[in-house]
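Structure first, commentary second.
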Amino acid sequence: MNKFTEDTITAIATPSGVGAISVIRVSGPLSFEIADKIFKGKIRLTDSSTHTIHYGQIFDENDVLVDDVLISVFRNPHSYTGEDSVEISTHCNPLISKKIIDLLLKNGTRLAEPGEFTKRAYLNDKLDLVQAEAVADVISSRTDASLRGARNQLNGLLSKKVDELRNSLINASSFVELELDFAEEDVEFINLGDLMNRVRTIENEIDLLLKSYNFGKVIKEGVNVALVGKPNVGKSSLLNYILKESRAIVSHIPGTTRDIIREDVSIDGIMFRLYDTAGIRISEDIIEKEGVLRSRKAVKDADLVILINDVDQGKSEDLLNEISSLINSNRILSILNKIDLGMTGLDDYDVKISALTGEGIESLFRKMKEKALGTSNYTEKSAVVSNSRHFDCLRKAKESLGKVKNSIENKMSGEFIAVDLRKAIDDLGEIVGIVTSEDILNNIFTKFCIGK
Amino acid sequence: MINYDIVVVGGGHAGIEASTSAAGMGCNVTLITMDRYATGRMSCNPAVGGTAKGHLVREIDALGGKMGIIADRTGIQFRMLNKSKGPAVWSPRCQSDRKLYSEEAYRVVGNTLNLTIIEDSVIDILVENNRVSGVLTSKGIELKCRAVILSSGTFLNGLMHTGLKSTSGGRFGEKPSTGITESLINLGFESGRLKTGTPPRLSKNSINWEVVEVQPGDEDPQPFSHRTGKDFPFLPQVPCHITSTNEAVHKILEKGFKDSPLFTGRIKGVGPRYCPSIEDKIVRFAEKKQHQLFLEPEGLDSDLIYLNGFSSSLPGDIQLEAIHKIKGLENAEMIRPGYAVEYDFFPPHQVDLTLETKLIQGLYFAGQINGTSGYEEAAAQGIVAGINAALKIQGKPEFVLKRSEAYIGVLIDDLVNKSTEEPYRMFTSRAEHRLILRQDNADRRLMKYGYEFGLIGKDLFEESQKRDRLISESINLFESLKLHARDINPLLKTRGLNGIDSTESISKLCKRPELSLNDLLKVNGFGDNEIVQELLSDTISMNQVEIELKYEGYLKRQQEIILRMERNEEVIIPLTLNYFNLNGLSTEGREKLNRVKPRSIGQASRISGVTPSDISILLVYLKN
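This is the structure we're talking about:
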């Protein structure tokens, strides 16, 4: 007997902490039966119809009232998981939730593994693979934009796009196969130039999706930003200004910011993780040495480095060189701080600001967004790749199309072109989880008059 | 009461291969046919082979089957199709003398040791404890046997249509076979109805040959069989001709639509989309103003011409009126109108990969009964059924060809896993490993099996093995054997190609499309090299070495894909698995898995109606 499809699982569906209500989800064939054992309401859940809400009380084994609750009933297949399931809304108190979960466990449910509700939804064909992965993203989204992105994917935006591309490839492939299997027939075949154009068009679309990966990743995962600068240029002041709250130690003694301080801020819906680094310079102080190592690591791992210079010390070319050796220079944003002290020097910076007055901060934000997203025109409404598995499949498809183009250029016969076309079709099919071999023939029979 | 090991029902292309292979393996076989002189009779096209079908014939031959030899001996035009494409899709095809083909087939079957022919028809399959025990014939004879192979073609409750007139029968002028379908349904089998059609036959002398296009055979014809000797071709060679329909033809045909059994719903069976009737073509592809037609000779002495492309079940007078509007056929005499034939088949998910039915042990289905169309598809199943029936009786392990091994493997795997709703025909695009499954290397892929079963002689097998060795040795040699610039550059120059700097391996040079292996081996003699000498005297091996060198990159990729796929083939699903206990399966997936009972995850994933999430569930289950 298969363990996971047979048993009934439960878990708290809302985050831990204090709030107004907390929801406990139960899913599996015994959901109603088990819930009925601990719940007293007007009618039994087992007898109630789907999509109804029931008020009542939960009692423990000694008939002591645990909480007043509302229970929603979902009957299979009309539930998130596709199974019978109930959602219990309780007053939010960790003790109450824990008590109810304990009662459910005692009465025959099992604690759900992470992602198990979604896995069941996928296995019950409620979601395709892309959608299932998107659910995980919706749950872990921390900003509005990333939530919207994930929502769109859940609605099948990427699946739709990939399907579209896959169908164009099947079309192209049909032309190739037509010539191979029906050469004796009186049908017109595609010429290599047309085929090349079709493949190029599809490749461009895949390219767009591949390029959207950066955007998608930024939206979904956020951007790691390392703040770097010589002592006293005002790194922590800038950080503080951004956070509008004081956590880093701000002082005039060089090197006091020994630990890396991380703060997360959301700018226009994009999550920036700001790392305030200690100096990158060599130090004799053992504690500082450790700090230097950590700073270097922070720079290496960063998506974006903000190199802070100040009006007093001018542009620090040595620091810029050092950072450039750690990270691609187009990921460096070089800024000038303390312009409230007066503008000196003609060096050119990406942004000039004052962490004291706030002057220039807006344009710094704009630049940060630009660097993070590139100059692309994506919106949350575009099909966007934000998952590394999808990215990888698209990359493989593109690679196969490269081989297709190569074969076309070398005027290879159709069966060689077909090898890699099929590979590309399968690569795309892997994203949405469909693999079929009849597609091409079906396409041929609907489009062409075959038959001697 | 007479005892046999195996009874084969039907003497068509499947029956010939099934009976001769099982007899060749030492079984005592009887072939029951309604008319012994109808053995191997071609119901439709007087031709063997063609795209992908030619591959099947070569494979059947490598296993020790008869189709290739019979076709070689009776062919009157041989062509290698797709010559302008790469070697993987080259397909041999021949035009056959219909009468001689049948005579030769009868001679081959009649001369087979351990094989008896009985003229009768089977009306009941006898079964004891879900195991075949014999057959009952229309003459009331009960034949006891250990296995029955049903290869009854289009004869099961065959019904022929021309216009609104229907006649019982499986082929023009021949009676249908009744009783078997009912017997099988009583045993629990599920049956279906298919349709196929055939075009009119015209009188040769009534055609104006001056105005139609000539389609000659190859100048250097190649035989199908690995066993055919040097005096090939045996018969005089003749051309085919090409003409086409036009709008006037279409207009006349449309007049007959009201009396079309196809459009009026008289025909219930599903026809093949790749071989539609002319009326179907006019309706479905209304924008096409003309359709190509082939005038194929039915034989050297025959007055009949087969009008390929004009399959029809419209009333005979409409067919004739339309034919008279075709260029060259203005005065054509129609000897026999085209007709459609409907027949019973048994959706092939009911057989296993050995072609034994899942329901009744010892009962095998081969050919059109499994929903296929085509002589070659039928013959391929015939030989697999014959071999497996013999192996089972002899207590030996079964014979199943993999998709990566043969078109025959693809054919049977498709039938079992996808079942079929229209007559199934082989196409090269069905074979995902097409580059490796070439007609030229059929012997290297399959002759070992034919030899193992005793259907291929020792000499022939050793010759093939020797060739196999020579090919691998040559490929190794050419990886390392280098040509010097001074030797090769003159040739490159005469071909207008860039020269090389110092040295380059033969294998690398051979990848240039403009250079053949022969060119390279002739440069500055390899006089003392035995392998090169041997290769130069063996064009078959030479061609294969050249293919392997030229397309090395593609072949390697294909091989990698095969390896990846085979991992799934190795995840075995127990046949006893109860799919009704796996709750997460989709309803359709569960039903399809249950009826096919796949052997591996690889096979399960090819079953139509089984979704990727069904496969995930199976995988999770198998891991637990």
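Heads up: the sequence lines are chains C and A, in that order. Going by this note's numbering, the first sequence opens with residue 9, and the numbers climb by one from there. Going by this note's numbering, the second sequence opens with residue 15, and the numbers climb by one from there. C-beta atoms are modelled at their ideal positions from N, C-alpha and C, and glycine is treated no differently.
Residue range of the unbroken alpha helix (DSSP H) whose run includes residue i
i, result
"residue 200/A", "194-200"
"residue 75/C", "Here residue 75/C belongs to no alpha helix (DSSP H); instead the beta strand (DSSP E) covers 73-82."
"residue 428/A", "421-432"
"residue 602/A", "601-610"
"residue 317/C", "Taken as a continuous stretch (DSSP letters only), residue 317/C belongs to no alpha helix (DSSP H), being part of the beta strand (DSSP E) at 312-318."
"residue 34/A", "27-38"
"residue 369/C", "369-381"
"residue 133/A", "No alpha helix (DSSP H) contains residue 133/A, which is instead part of the beta strand (DSSP E) from 129-133."
"residue 504/A", "499-508"
"residue 122/A", "112-124"
One or two residues paired with residue i in a DSSP bridge
i, result
"residue 420/C", "Residue 420/C is not bridged to any residue."
"residue 48/C", "65/C"
"residue 308/A", "256/A and 322/A"
"residue 158/A", "17/A and 148/A"
"residue 97/C", "31/C and 78/C"
"residue 175/A", "180/A and 354/A"
"residue 60/C", "81/C"
"residue 140/A", "148/A"
"residue 359/C", "343/C"
"residue 415/C", "According to DSSP, which records beta bridges pairwise, residue 415/C is partnered with nothing at all."
"residue 216/A", "319/A and 348/A"
"residue 444/A", "None; residue 444/A has no bridge partner."
"residue 108/A", "62/A and 92/A"
Distance between beta carbons of residue j and residue i, contact taken as under 8 Å
i, j, result
"residue 40/C", "residue 58/C", "In fact, because the Cβ distance is near 11 Å, the residues do not count as touching under 8 Å."
"residue 354/A", "residue 275/A", "6 Å"
"residue 343/C", "residue 369/C", "That pair is no contact at about 10 Å."
"residue 191/A", "residue 164/A", "Actually they do not touch by this definition, with Cβ atoms about 10 Å apart."
"residue 291/A", "residue 239/A", "At roughly 34 Å, the Cβ-Cβ gap does not stay under 8 Å, so residue 291/A and residue 239/A are not in contact."
Proximal residues of chain C, C-beta to C-beta of residue i below 8 Å
i, result
"residue 96/A", "188 and 191"
"residue 513/A", "The contacting residues do not exist; residue 513/A stays about 20 Å from chain C at best."
"residue 100/A", "420, 421, 422, 423 and 424"
Residue span of the beta strand (DSSP E) that contains residue i, given as start and end
i, result
"residue 573/A", "Taken as a continuous stretch (DSSP letters only), residue 573/A belongs to no beta strand (DSSP E), being part of the alpha helix (DSSP H) at 566-583."
"residue 379/A", "377-379"
"residue 353/A", "353-359"
"residue 284/C", "278-284"
"residue 209/A", "206-212"
"residue 94/A", "89-95"
"residue 233/C", "231-237"
"residue 274/C", "269-275"
"residue 476/A", "Premise fails: residue 476/A lies in the alpha helix (DSSP H), 472-494, not in any beta strand (DSSP E)."
Proximity of residue i and residue j at Cβ, strictly below 8 Å
i, j, result
"residue 317/C", "residue 233/C", "no"
"residue 376/A", "residue 581/A", "no"
"residue 189/C", "residue 65/A", "yes"
"residue 381/C", "residue 223/C", "yes"
"residue 488/A", "residue 461/A", "no"
"residue 534/A", "residue 587/A", "no"
"residue 218/C", "residue 403/C", "yes"
"residue 303/A", "residue 260/A", "yes"
Beta-carbon neighbours of residue i, restricted to chain C and to distances below 9 Å
i, result
"residue 522/A", "What residue 522/A touches in chain C: nothing, since even the nearest Cβ is about 15 Å away."
"residue 565/A", "420 and 424"
"residue 130/A", "Within chain C, no residue comes near residue 130/A; the closest Cβ sits about 38 Å away, beyond 9 Å."
Closer than 7 Å at the beta carbon, the chain A residues around residue i
i, result
"residue 132/C", "598"
"residue 417/C", "Neighbours of residue 417/C on chain A: none; closest Cβ ~12 Å, over 7 Å."
"residue 194/C", "305 and 306"
Where residue i meets chain A, residues with beta-carbon distance less than 8 Å
i, result
"residue 430/C", "446"
Within chain C, the residues that residue i reaches when beta carbons sit closer than 7 Å
i, result
"residue 449/A", "423 and 427"
"residue 103/A", "188 and 423"
"residue 571/A", "427"
"residue 568/A", "424 and 427"
Closer than 9 Å at the beta carbon, the chain A residues around residue i
i, result
"residue 480/C", "A question about residue 480/C goes unanswered here, because the residues of chain C that appear run from 9 up to 460."
Heavy atom of the ligand ATP within 7 Å of residue i beta-carbon
i, result
"residue 166/A", "Because no ligand of any kind appears in the structure shown, any question about the ligand ATP cannot be addressed here."
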